[in-house]
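Single-structure report; data block below.
Numbering (the working numbering), first residue to last: 264 to 340.
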């Protein structure tokens, strides 16, 4: 079965960050993956949410397929 989530990558502050975006709608929602998951945690509900809402889901740095930077995951971060 193919996932409804189509991913892309963008370089932000030198890190390759994976994200997904649905078609544009009037309402918007930013979906942050539950720790320590990836954006595919939303696979089962993506289509339903995307019917009425423009979705952007992000793999936080160091999770899913986003690159990590040790300083971002340090206890003092």
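We put the beta carbon where it would ideally sit given N, CA and C, even for glycine.
Bounding residues of the alpha helix (DSSP H) (the contiguous stretch that carries residue i)
i, result
"residue 337", "Segment: none, residue 337 is in no alpha helix (DSSP H) and carries neither H nor E."
Beta-bridge partners of residue i, as assigned by DSSP
i, result
"residue 280", "273"
"residue 333", "Answer by DSSP bridge pairing: none, since residue 333 is not bridged."
Assigned secondary structure, residue i (DSSP; H/G/I helix, E/B strand, else coil)
i, result
"residue 289", "coil"
Beta-carbon contacts of residue i that lie in its chain and below 8 Å, excluding the five residues immediately before and after
i, result
"residue 324", "278, 280, 330, 331, 332, 335, 336"
"residue 268", "283, 302, 303, 305, 306, 309, 320"
"residue 316", "285, 288, 290, 291, 292"
"residue 271", "281, 282, 283, 284"
Own chain residues within Cβ distance below 7 Å of residue i, not counting five before or after
i, result
"residue 273", "280, 282"
Cut-off 6 Å between Cβ atoms - residues of its own chain near residue i, not counting five sequence neighbours on either side
i, result
"residue 313", "285"
What are the uninterrupted segments assigned as beta strand (DSSP E) that are 3 or more residues long and contained completely in the region 292 to 324, given in chain order?
Counting only runs of 3 or more residues that sit fully inside the region 292 to 324, the beta strand (DSSP E) segments are 316 to 321, in chain order.
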